[in-house]
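Engineer: Could you have a look at this structure, given as structure tokens, before my questions?
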Amino acid sequence: MKAVDTFSEAIWGLASRPARTLATLVALGISVATIALVAGVLGGFEKRIEQLSFGAYGRSLVIRENFFVEDRVGSPRLSDIDRLRQAVPGVEAVAAWRILFAAEIDAGREHGQTEVFGVFGDYRREASTPLAEGRHITDDEAQSARRVCVLGDQAARRFFPNTSALNKLVRINGISCTVVGVLGVPENRISERYAPAILTPFGAASRYFTVNTVMAPDEASQITLILNDSRYLDRAQMWADRLLRRRYGIPFSQPSPFVYADPSASVRSLRQQRDLVSRLLLVIAGVGLISGLIGYGSAVAAAASERRREVALRRTLGASRTDIVLQFMTENAVLGILGGALGGVLALGIGLAASKAWDWPIDFNPSVFGISALLGLLCGLVFGALPARKAASAPPAGAVRA
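Numbering (my numbering), first residue to last: 1331 to 1732.
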């Protein structure tokens, strides 16, 4: 029998029983949809984790002043940077930040408040922020008090809504500085905090732009140690605390004068959340897949049993067992492809609805439809092989009398 004839017979066999064909498609589609939906949810969680842990965010140790101790020694100082770099093993880069909250900004007719970050050291390693135009603050400028600044994406659009901010003047708490660069659109959580803010050299922030503060000119709001491996964060904290206690004369019997924050804690928490959701979804997907495949296999077996007379008639007209098997396998292949495609569409629709309703992190790869169709084809061939062989092996005479 020619391939065209086999395909025509298969299509005729499916179309002659539309209700059973539709039920079989739905059963297989639900089975495939559960797998595709789980893959989309897990992919979304992984993408969100990648956004959180982008760059140096997942392997940084942040040192700030501890405001809840009696014997306070102030904020960490720039002079601590070299000591920390030498004493703490595995340090890849160090950055210091002087943060001004609610600074008054004037740019032409625009006025408002925003955060100002005074930067020192390897701040670009921590920020991981793209540049839209102009340039970053250089290392020499970061160590000086030059009045230059870089605007975040939102800050540039806010204070210069109809023109480029490059080479323009802005006044920070009444002191002017020149815009030398504009950051791009944030690509991750790290970049988002700089979008509405302004970056300036550390010396300029402490000397010119800081008002009403008790911090010394060389004191930083925070110092960030970027490690070469996130597994050594606990060890780095121990060495940093030991060094700073010795430097400021604080014994181990007293609380530490500094707070050590691990920004990757949120990433680990999200990974734990993803693992819990993964186990739940895998169980649901497994139950759904097994139930759907049982229903699909039962429908295929029942359809083959009901068509015994048709098979017997074709056998008496000269069709071989191979022709019968090929026809049934072709029907199952078509059902599998259509059911897999239906499963991909169902997964996409359910995933988008869940994402909007419950803020689920859904991320479907464009290949999900192809993989779903391939999975459906595989299920159709596997579960249709035995009924096809059984139908082709039945004696024609007995089938006609049945």
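In this text, a Cβ means the ideal position worked out from N, Cα and C, and glycines have one as well.
1. Indicate the three-state DSSP secondary structure (helix, strand or coil) for Ala1432 in the structure shown.
2. For Leu1513 versus Asp1469, is the C-beta distance shorter than 9 Å?
3. Below 8 Å on the Cβ atoms is my contact criterion, and I expect Ser1405 with Glu1549 to pass it. Report the Cβ-Cβ distance as a whole number of Å.
4. Between Arg1575 and the rest of its own chain, which residues show a CB-CB distance below 8 Å, the 5 nearest in sequence each way excluded?
5. Near Ala1363, which residues of its chain fall below 6 Å by C-beta distance, leaving aside the five closest residues on each side in sequence?
6. Using the three-state DSSP reduction, which class does Ala1525 fall into: helix, strand or coil?
7. Between which two residues does the beta strand (DSSP E) containing Leu1496 stretch?
8. What are the boundary residues of the beta strand (DSSP E) that includes Asp1554?
9. Apart from the five residues on each side of it in sequence, which residues of its chain come closer than 7 Å, Cβ to Cβ, to Glu1422?
10. For a minimum of 4 consecutive residues, which ranges assigned as the alpha helix (DSSP H) are wholly contained in the segment 1393-1420?
11. With 16 other CB atoms within 10 Å as the buried threshold, where does Asp1689 fall?
12. Take every Cβ of the segment 1429-1446, pair it with every Cβ of the segment 1531-1551, and state whether three or more of those distances are shorter than 8 Å.
13. Could you compute how far the alpha carbon of Ala1457 sits from the alpha carbon of Ile1365?
14. Considering Ser1685, what are the terminal residues of the alpha helix (DSSP H) in which it resides?
15. Roughly how many angstroms lie between the CA atoms of Gly1373 and Ile1520, to the nearest whole one?
16. How long is the line joining the alpha carbons of Ala1729 and Glu1640, rounded to whole angstroms?
17. Please report how far the alpha carbon of Gly1442 lies from the alpha carbon of Ala1671, in whole angstroms.
18. Does the structure place the segment 1460-1475 close enough to the segment 1393-1404 that three or more beta carbon pairs sit under 8 Å?
19. In terms of residue numbering, what span does the beta strand (DSSP E) encompassing Gln1473 cover?
20. Starting from Tyr1289, trace the alpha helix (DSSP H) both ways and give me its first and last residue.
21. Can you round the beta-carbon distance between Tyr1626 and Leu1352 to whole angstroms, since I take them to be within the 8 Å contact cut?
Structural biologist: Put simply:
1. Ala1432: strand per DSSP, three-state reduction.
2. Contact: no.
3. Between Glu1549 and Ser1405 the Cβ distance is about 4 Å, and since that is below 8 Å, they are a contact.
4. The beta carbon of Arg1575 is closer than 8 Å to those of Pro1581, Phe1582, Ser1586 and Pro1587 in its chain, skipping five residues each way along the sequence.
5. Cβ within range, chain order: Gly1673, Leu1676 and Ala1677.
6. Correct three-state label for Ala1525: coil.
7. Counted as a single uninterrupted DSSP element, the stretch harbouring Leu1496 is not any beta strand (DSSP E), since DSSP gives it neither H nor E.
8. The sequence as given places Thr at residue 1554; Asp does not occur at that position. Segment Gln1552 to Leu1557, the beta strand (DSSP E) holding Thr1554.
9. By the criterion of a C-beta distance shorter than 7 Å, Glu1422 is surrounded in its chain by Ile1556, Leu1557 and Asn1558, once the five residues flanking it on both sides are discounted.
10. The alpha helix (DSSP H) runs of length 4 or more contained entirely in the segment 1393-1420 are, from start to end of the chain, 1410-1417.
11. Here Asp1689 is exposed: its Cβ has fewer than 16 other Cβ atoms, across all protein chains shown, within 10 Å.
12. Under the three-pair Cβ rule at 8 Å, the segment 1429-1446 counts as touching the segment 1531-1551.
13. Distance between the alpha carbons of Ala1457 and Ile1365 is about 37 Å.
14. Counting along the chain, the alpha helix (DSSP H) containing Ser1685 begins and ends at Arg1651 to Trp1688.
15. About 21 Å.
16. Confidence is the limiting factor: at Ala1729 the pLDDT is only 47, short of 50, which leaves the residue's position unreliable, though a coordinate-based value still follows. Here the C-alpha atom of Ala1729 lies approximately 9 Å from the C-alpha atom of Glu1640.
17. Whole-angstrom Cα-Cα distance: 53 Å.
18. The segment 1393-1404 is not in contact with the segment 1460-1475.
19. Element bounds for Gln1473: n/a, residue is neither H nor E.
20. Nothing can be reported for residue 1289, as the shown portion of the chain is limited to 1331 through 1732.
21. Actually they are not in contact, since the Cβ atoms of Tyr1626 and Leu1352 sit about 13 Å apart, beyond 8 Å.
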